[in-house]
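The structure appears below as structure tokens.
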Amino acid sequence: MEEDYPRNLLEFEGRFATDAACREYLARRRWPEGFVCPRCGGRQGWPTQRGLVVCGACQYQASVTAGTIFQDTRQPLTLWFRAMWWVTTQKNGASALGLQRELGLKTYWTAWTWLHKLRRAMVRPGRDRLSGRVELDETYVGGNEEGVIGRLTHDKALVLVAAQEDGPRIGRIRLQRVTELSKARLRDFLAGAVEPGSVLRTDGLNVYQGRAGYEHEPVVVKRQAADAATLLPRVHRVASLLKRWLLGTHQGAVRPEHLDYYLDEFTFRFNRRRSASRGKLFYRLVQQAVQVGPVPYEVLNKHISPGPQQTH
Ligand SMILES: [Zn+2]
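Residue numbers for the sequence shown follow my numbering, beginning at 3 and rising by one.
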């Protein structure tokens with residue numbers, strides 16, 4: 003199917019000026035082969051005045067936003083679309099404060115929850131795993147990084163990094179925070195991130211040895227960090243870009259319990275960094291936003307943090 007997205011801000015504004023236009027765009031992303039009734043699977047539906055679709059077979063009134071991250075939102079879809087456009091056109095990532103200012107949202111909290119909902123949509127359900135030759139290593143994020151001024155007071159988080167080789171370049175990546183570097187955690191990560199049969203390139207650390215289902219190509223790392231960077235250059239490059247991004251865009255103000263979301267956003271941007279069009283990123287985000295379920299309030303609430311204060 004041809005990918006249908008606005009090429010620039012002017013096209014975006016012309017196209018998504020009304021909730022009806024946004025709703026129709028969502029419907030096309032949600033039901034790319036045409037309407038499917040969520041209750042009976044019927045394939046015929048008619049739009050109603052209230053923005054619902056009535057199933058021709060069972061009369062069920064389906065909402066295009068039900069069961070997506072937009073479920074129960076009280077804000078107009080036009081505002082959500084602006085948020086998605088803004089998020090995908092920020093080259094270096096989006097902060098809640100930036101989103102609040104851009105959309106004129108009344109509270110920082112709203113901007114924060116929206117960003118977290120959108121970040122959830124950045125992980126494509128059933129997305130492809132890495133394959134071929136894959137570099138694998140761990141890195142520590144946060145804590146008292148050298149030369150860091152400011153808010154980094156929490157403990158370091160341990161993050162597994164996998165980077166697919168693309169000739170001399172870095173292909174797609176996957177990141178995951180883990181509580182410990184153990185064989186069990188590594189197995190879980192690999193199961194979700196790397197196709198069985200792939201060739202894993204790791205350092206000589208014991209935990210990386212003998213991963214069932216994968217070929218293994220250990221590289222011997224000498225003591226100097228410079229050697230690690232030479233022998234596993236892709237994961238090291240990704241780790242340093244990640245740290246720079248967390249410090250730059252978020253001033254290091256990422257709490258460990260929120261790190262997963264930031265890792266997802268970083269991965270989303272990184273894996274599409276060569277995308278010629280920002281509009282295409284927007285398209286992907288919308289597409290994925292109607293494929294992931296809503297974020298229950300309690301889940302966000304569990305992670306509530308006041309976040310950075312609005313004083314700067
Ligand atoms: Zn039906």
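Backbone N, C-alpha and C define an ideal beta-carbon position, used for all residues, glycine too.
ask   = What three-state label does DSSP hand Q178 in the structure shown?
value = The sequence position of residue 178 within the sequence shown is 176, counting from 1. The answer is strand: DSSP assigns Q178 an E or B state.
request  = Go to D168, then tell me how far its beta strand (DSSP E) extends in each direction, as first and last residue.
outcome  = Counting from one through the sequence shown, the residue named residue 168 turns up at place 166. Per DSSP, the unbroken beta strand (DSSP E) holding D168 starts and ends at A159 to D168.
ask   = For C24, which residues does DSSP report across the bridge?
value = Counted from its first residue, the sequence shown places residue 24 at position 22. Answer by DSSP bridge pairing: none, since C24 is not bridged.
request  = Compute the distance between the beta-carbons of P34 and W87, then report whether it is under 9 Å.
outcome  = Within the sequence shown, residue 34 is the residue found at index 32, counting from 1. Within the sequence shown, residue 87 is the residue found at index 85, counting from 1. No, these two residues do not count as a Cβ contact at 9 Å.
ask   = In chain order, what residues of the same chain lie with their CB nearer than 6 Å to the CB of E104, ignoring the 5 residues before and after it?
value = The count along the sequence shown starts at 1 and reaches residue 104 at position 102. Correct list, in chain order: W88.
task = Would you grab the beta carbon distance between V209 and E137 for me? Rounded to a whole angstrom, and I think it's under 8 Å.
result = By one-based count along the sequence shown, residue 209 stands at place 207. By one-based count along the sequence shown, residue 137 stands at place 135. In fact, because the Cβ distance is near 15 Å, the residues do not count as touching under 8 Å.
query = By how many angstroms is the C-alpha of I175 removed from the C-alpha of R213?
reply = Here residue 213 refers to the residue found at position 211 of the sequence shown. Here residue 175 refers to the residue found at position 173 of the sequence shown. Looking at the two C-alpha atoms, the distance is approximately 19 Å.
key: Inter-residue Cα distance where the pair is T251 and T269   = Translated into positions along the sequence shown, residue 251 becomes position 249. Translated into positions along the sequence shown, residue 269 becomes position 267. In a straight line, the C-alpha of T251 is about 15 Å away from that of T269.
ask   = Any heavy atom of ligand 1 closer than 8 Å to the Cβ of R2?
value = A query on residue 2 cannot be resolved here, the shown segment of the chain reaching from 3 to 314 and no further.
task = Let me know the beta strand (DSSP E) ranges lying completely inside the region 29–97, each 3 residues or longer, listed in chain order.
result = Counting only runs of 3 or more residues that sit fully inside the region 29–97, the beta strand (DSSP E) segments are 47–49, 54–57 and 63–65, in chain order.
message = On the DSSP bridge list, what partners appear for D139?
response = As a first step, residue 139 is located in the sequence shown; it is residue number 137 there, counting from the start. Beta-bridge pairing links D139 to V163.
Residue(s) in a DSSP beta bridge with P220 = As a working mapping, residue 220 is identified with position 218 in the sequence shown. Partner(s): T204.
ask   = Skipping 5 residues on each side, what residues in its chain have a beta carbon closer than 8 Å to that of D21?
value = Indexing the sequence shown from 1 puts residue 21 at position 19. The residues are G53, P78, L79 and T80.
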